[in-house]
Structures are given as structure tokens and as C-alpha cells.
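Throughout, the working numbering is defined as the position within the sequence shown, counted from one, plus 3. This report refers to the structure that appears directly beneath it.
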Amino acid sequence: MKLSKFDQRIRRADELAAVHPFAAEILQFYKRLASLQKVLYTSLQEANGNGSAKKFSRLAGEHLDFEFLTANFPEFLSAVEAIAPGPIAQSAQGLRTQSASRWNDRFSTFLFSGPDLEANAGDPESLLVIAFLQPYAEFFADHREHNESDETARVCPFCQGKPVVGVLRPEGDGAKRSLICSLCLTEWKYGRIRCGRIRCPACGEEAVEKLAVYTASQFPHVRVEACDTCRRYIKTVDLTKNGLAVPIVDELATLPLNLWAQEHDYVKLQANLLGI
Ligand SMILES: [Zn+2]
Ligand SMILES: [Zn+2]
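Written as C-alpha cells, this is what we have:
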């Protein structure tokens, strides 16, 4: 049952908020956002006959169902307005008063140009559009036609989005590495770990001396992987160390790791749903 993943994310946000008070506020906001996304995902399931929808192997602008999107956007924005911190609530209100054709331009621009979010870019309107499009993209990603995946792909094979977090999953005696898309949340395999070697998901660098890994005792299952060639970093959640982690939620909660990376002049490869 696909829907349970939203409940897993919400439950994980609660667990992490309880143990990391510094992240409690953002996790509470994320939880409410995830509940709104769950409603959208459910509407899509109903509108598309629970999985009998047309299948795409890639998501592109021409696959946008403007009728569905413009019908649901105002309600989503009103709901966000009621739960969001000040500046985001104001942006939601501003977006709600724009015309449907302006919204459609934003939706298609977003998917045609490929989602690209700089961390701390300070554009709440883009974040709202992404939060709204995410369950839409995720629904079609969940029902996509599968292609052979390329283990060197640095963007999502389904929607061309950049990865927001890396994952290590147990495999045999070691771990298998994958990346999770910042928009549709597709997880794709990325490289193999040989003798602990990693490859930069931003530029493909593989030279050990160019790649830094940082961990903090506070989060033994999450590490920063930073590249000295392109100065980008991504966090990777190690499910071999903590099988209860939900990578996109643990990524949100591990704020001190972002600070370490910023202090060392690394820029995040892709901002998360909350623009961090
Ligand atoms: Zn994607
Ligand atoms: Zn790099």
C-alpha cells in the first residue's frame, strides 16, 4: 500500500522532533506539509483509477495535467497558509491570488527546465510549487515504466531532478549506494562502493583525496559527503546503521551537518523541500 509511506514520514518526523529539539519546529512544519501531500496523492490515485493511469518512463512538462493541478492548487495554498511560518504563509497568499495561467507557467517551467533548488535561495514561492508538485511527480514515478538504470546518472532517471539525499542499503556483506530525487523521490542506484570508495554525485569525481566524509557522533547513521573538486556536498543516510531512518526526513533533521559543511565552504547539491 503506497500511502503508508506518508505515514512513515510523518511518524519519523515525530520521533526525530522528540530527540532533536533544535529541529522540532521544521519537522512539525514538514509533518503538516506531508499530510497535505498525502491528500493530493490520494486524490491522484482516485482520479487515475488506482494505478491504471497512463504510464510514463520519464516525466516531462507535457505530462502535466493542468486541470488537476489548477483545481487543487488554491486549496493546497490555503491549507499551507494556515500552517506555515510567516514568510511562507505570505507567499502562499500571494500565489493564491495569481491567475491560473501564471500557475501553469510556473508548473511547466519547473518541469521543463528541470527542478534545481539552490540551498537558502530564499524563494518561498518556488518551495511551495515544489511541495505541491512533489506528490504529483511521486505518483507518476510510482507508476512509471521502468528503464534499465544507469549507475552513473547524476540526475533522476524519471524527472531529471537533482538528488536531495544519498542512501546506503544493506547488500550482502556491504552496502549499496543510491540517490533520492528531490522532486519525485525516485531512488536510483549510484555507483558501487569498492573498498569504501565513493563518487561525487555532483561532478562524478572519484579520487579519494578529493572526497571528504564527515560524521558527527550525534547522528551516527548520517554522513556528509563533500567534494573538493566542485565544492558540493550531499548527506547520506546509512540504513545499515539505522534501519528505522527515513532518508528524506532524517536529512531534514540533521541541521548541524549542514553547518559543518557551510563552515568548510561546501554548497549543498540540492536544497530540500524546506529550502535548507
Ligand atoms: Zn525525480
Ligand atoms: Zn564533485
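Even for Gly, the Cβ is constructed at its ideal location relative to N, Cα and C.
Tell me whether residue i, by its Cβ, gets closer than 7 angstroms to a heavy atom of ligand 1.
| i | result |
| --- | --- |
| residue 187 | yes |
| residue 164 | yes |
| residue 2 | Absent from the model: residue 2. The displayed extent of the chain is 4 to 279, so no value can be given. |
| residue 25 | no |
| residue 280 | The question about residue 280 has no answer here: the residues shown for the chain are numbered 4 through 279. |
| residue 142 | no |
| residue 113 | no |
| residue 161 | yes |
For my contact list, residue i and residue j are in at a C-beta cut-off of 8 angstroms; report their separation, rounded to the angstrom.
| i | j | result |
| --- | --- | --- |
| residue 40 | residue 134 | 7 angstroms |
| residue 204 | residue 272 | 6 angstroms |
Does ligand 2 have a heavy atom nearer than 7 angstroms to the CB of residue i?
| i | result |
| --- | --- |
| residue 239 | no |
| residue 232 | yes |
| residue 208 | yes |
| residue 235 | yes |
| residue 205 | yes |
Can you grab the Cα-Cα spacing for the pair residue i / residue j, in whole Å?
| i | j | result |
| --- | --- | --- |
| residue 11 | residue 233 | 34 angstroms |
| residue 194 | residue 146 | 25 angstroms |
| residue 219 | residue 34 | 25 angstroms |
| residue 144 | residue 78 | 24 angstroms |
| residue 167 | residue 182 | 8 angstroms |
| residue 260 | residue 23 | 13 angstroms |
| residue 44 | residue 139 | 7 angstroms |
| residue 102 | residue 69 | 13 angstroms |
| residue 247 | residue 9 | 15 angstroms |
| residue 192 | residue 60 | 17 angstroms |
Return the first residue and the last residue of the alpha helix (DSSP H) that residue i is part of.
| i | result |
| --- | --- |
| residue 229 | Premise fails: residue 229 lies in the beta strand (DSSP E), 222-230, not in any alpha helix (DSSP H). |
| residue 27 | 27-50 |
| residue 332 | In the structure as shown, the chain starts at 4 and stops at 279, and residue 332 therefore has no counterpart that could be examined. |
| residue 205 | No alpha helix (DSSP H) holds residue 205; DSSP gives it neither H nor E. |
With a threshold of 6 angstroms on Cβ separation, who are the neighbours of residue i within its own chain once the five nearest residues in sequence on each side are excluded?
| i | result |
| --- | --- |
| residue 26 | 256 and 258 |
| residue 91 | 127 |
| residue 172 | 179 and 242 |
Only counting the same chain, and skipping five residues up and downstream in sequence, which positions put a Cβ closer than 7 angstroms to that of residue i?
| i | result |
| --- | --- |
| residue 96 | 84 |
| residue 76 | 106 and 135 |
| residue 221 | 259 |
The beta strand (DSSP E) spanning residue i covers which residue range?
| i | result |
| --- | --- |
| residue 236 | 235-241 |
| residue 218 | 214-219 |
| residue 190 | 190-192 |
| residue 171 | 166-174 |
| residue 178 | 177-184 |
Is any heavy atom in ligand 4 found nearer than 7 angstroms to the beta carbon of residue i?
| i | result |
| --- | --- |
| residue 44 | Because ligand 4 does not appear in the structure shown, any question about it cannot be addressed here, the ligands present being ligand 1 and ligand 2. |
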